[in-house]
Amino acid sequence: MSTPSSTPAVSARHGSVMNPHVVTICGSTRFREAIAAANRKLTLAGQVVLAPGVFAHNDAPDADPISDADKQRLDRLHLAKIDISCWVLVVNPGGYIGDSTRREIAYAGAVGVPVQYLEQVAS
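The opening residue of the sequence shown carries number 668 in the numbering used here; numbering runs sequentially from there.
Have a look at this one:
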């Protein structure tokens, strides 16, 4: 996983333990373990991490079903997390990016928040 510090144009947004910056993790909630691993790695690197807190994806073995209204509210909350972030990390095992994550990536781009990917994205 690369962080923006390895990208010169984004290095000013990268924090340290003494000057932490905020990163939001985006990705399908079916990847709960990968999201948790990225959260741990970023936290140990001194980042303030915002990530999904409810894992309701139907494909997940430990899914936490929620109502459509709750899903919409959580989607808006996740966009608010992006708003206060210095950068976004997309957790995309196997290159998978679903519709919700695509919307979050587009939103981050629209509000000027840099996006990095856990795995390389095909062109």
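Note that beta-carbon positions come from the ideal geometry of N, C-alpha and C, so glycine has one too.
Alpha-carbon to alpha-carbon, residue j and residue i
i	j	result
residue 715	residue 743	20 Å
residue 711	residue 771	25 Å
residue 780	residue 756	10 Å
residue 696	residue 708	18 Å
residue 723	residue 698	11 Å
residue 745	residue 752	11 Å
residue 673	residue 759	Its pLDDT being 45, under 50, residue 673 is placed unreliably by the model, and the measurement read from it follows with that caveat. Their backbone Cα atoms lie some 19 Å apart in a straight line.
residue 750	residue 778	7 Å
residue 776	residue 783	11 Å
residue 689	residue 706	12 Å
residue 735	residue 741	10 Å
residue 766	residue 704	22 Å
residue 731	residue 700	15 Å
residue 686	residue 764	31 Å
residue 773	residue 786	18 Å
Bounding residues of the beta strand (DSSP E) (the contiguous stretch that carries residue i)
i	result
residue 717	715 to 717
residue 785	Residue 785 -> no beta strand (DSSP E), and no H or E assigned at all.
residue 691	689 to 693
Whole-Å CB distance - residue i paired with residue j, under 8 Å assumed
i	j	result
residue 748	residue 691	5 Å
residue 762	residue 788	6 Å
Beta-carbon proximity of residue i to residue j, cut-off 8 Å
i	j	result
residue 718	residue 702	yes
residue 768	residue 694	yes
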